[in-house]
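**Q** Shown below is the structure under consideration.
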Amino acid sequence: MGAGLVSACLPVSYVLLVHLFDRGGTDRNDSISIKRRFKGALLSNIFSIAVTAYYLLEYTTTPFHEMGLRLDHWREALLYPFILMNAFYLGQFVMMHIDKTLWHYFGSNNRRNRVPRVLLHPDGSCVGTVGFQFCYTYLFGVFATYLQLTTRHALVPIVAHAICNAQGLPLWLEIANYPKRRDRLTLYSAYSAGFAVFVYLLYTKHGMPAR
């Protein structure tokens, strides 16, 4: 089987394994269901890494290194995406501080997949919602791929994905709902400063782990 066909089958195997492990599950947020899906995802990842390494052996003697599975520069690989993504969400942290919900971010009941209500309003089109989620997922996939190809270190996109998964979309559109002018100015400034630092770090690659 050709490498191209195999690479196309890997994401399909991921979906199949996750659903097979959680067959009969009704609530994906249930703790038992989460554990089952995690096991399926883990098995799929191990399988994908092994298959990819097998095909890479034809071109290199260090397939795991080529996939970014390496231990060198691990500090930079953890620190760079941590600073990068937290800068991107600086306004989000300030918003949670104003709302007095910042402690939720560090608690066990951390709110995930936050999205602006204006975009996912119950009266909105289902097709529009699905289309928006698809575009957002695609754009993040492009971003994660860029980080992987630029740094050649698997930890970088993993850390970036973990932070994005915890924070969701930037809530820029929610700022207008704050009644106090001071809060609105603070949030606009925080978001703008965070975005500026994000672009700077991404453009200059300052702090990126060496390839």
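Sequential numbering from 15 applies to the sequence shown in this note's numbering. Beta carbons are placed, not taken as given, at the ideal position from N, Cα and C, and that holds for glycine.
(1) Apply the 10 Å Cβ neighbour rule to V108 and answer buried if 16 or more other Cβ atoms are within range, or exposed otherwise.
(2) Taking the straight line between their C-alpha atoms, what separation do you get for M222 and L163?
(3) Work out the CA separation of L57 and T115 for me, nearest whole Å.
(4) Return the residue from the list L201, L199, L85 that minimises the CA-CA distance to V170.
(5) Determine the contact status of V20 and G54, defining contact as a CB-CB distance below 8 Å.
(6) Measure the beta-carbon distance from G82 to R166 and round it to whole angstroms, keeping in mind my assumption that it falls under 8 Å.
(7) Which residues in the same chain have their Cβ closer than 6 Å to the Cβ of E90, if we skip the five residues on either side of it in sequence?
(8) In the structure shown, what three-state DSSP assignment does R50 receive?
(9) From what residue to what residue does the alpha helix (DSSP H) around H111 run?
(10) Going straight from the alpha carbon of A168 to that of P95, what length do you get?
(11) Less than 8 Å between C-beta atoms, sequence neighbours within five positions excluded: which residues of the same chain meet that for K219?
(12) Whole angstroms is fine: what's the gap from G105's alpha carbon to Y28's?
**A** Straight from the coordinates:
(1) Residue mapping note: residue 108 aligns to position 94 of the sequence shown, counting from 1. Buried: at least 16 other Cβ atoms inside 10 Å.
(2) Numbered from 1 along the sequence shown, position 208 holds the residue referred to as residue 222. Numbered from 1 along the sequence shown, position 149 holds the residue referred to as residue 163. CA-to-CA, the gap between M222 and L163 works out to about 12 Å.
(3) Stepping through the sequence shown from its first residue, residue 115 is reached at position 101. Stepping through the sequence shown from its first residue, residue 57 is reached at position 43. The alpha-carbon separation between T115 and L57 amounts to approximately 36 Å.
(4) Taking the sequence shown and counting its residues from 1, the one referred to as residue 170 is at position 156. Cα-wise, what sits closest to V170 is L85.
(5) For the purposes of this step, residue 20 is taken as the residue at position 6 of the sequence shown. For the purposes of this step, residue 54 is taken as the residue at position 40 of the sequence shown. Going by C-beta atoms, V20 is not nearer than 8 Å to G54.
(6) Here residue 82 is taken as the residue at index 68 of the sequence shown, counted from 1. Here residue 166 is taken as the residue at index 152 of the sequence shown, counted from 1. Correct: roughly 5 Å between the Cβ atoms.
(7) In the sequence shown, the residue the question calls residue 90 occupies position 76. P223.
(8) Taking the sequence shown and counting its residues from 1, the one referred to as residue 50 is at position 36. Looking at R50 - three-state DSSP - the assignment turns out to be helix.
(9) Looking up residue 111 in the sequence shown gives position 97. Counted as a single uninterrupted DSSP element, the alpha helix (DSSP H) harbouring H111 occupies residues 104-112.
(10) Reading the sequence shown from its first residue, position 154 is the one you call residue 168. Reading the sequence shown from its first residue, position 81 is the one you call residue 95. Taking the straight line joining both Cα atoms gives about 11 Å.
(11) The residue labelled residue 219 in the question sits at position 205 within the sequence shown. Cβ contact annotation for K219 (same chain, cutoff 8 Å, sequence separation greater than five): T164, in chain order.
(12) Here residue 105 corresponds to residue number 91 of the sequence shown, with the count starting at 1. Here residue 28 corresponds to residue number 14 of the sequence shown, with the count starting at 1. Looking at the two C-alpha atoms, the distance is approximately 34 Å.
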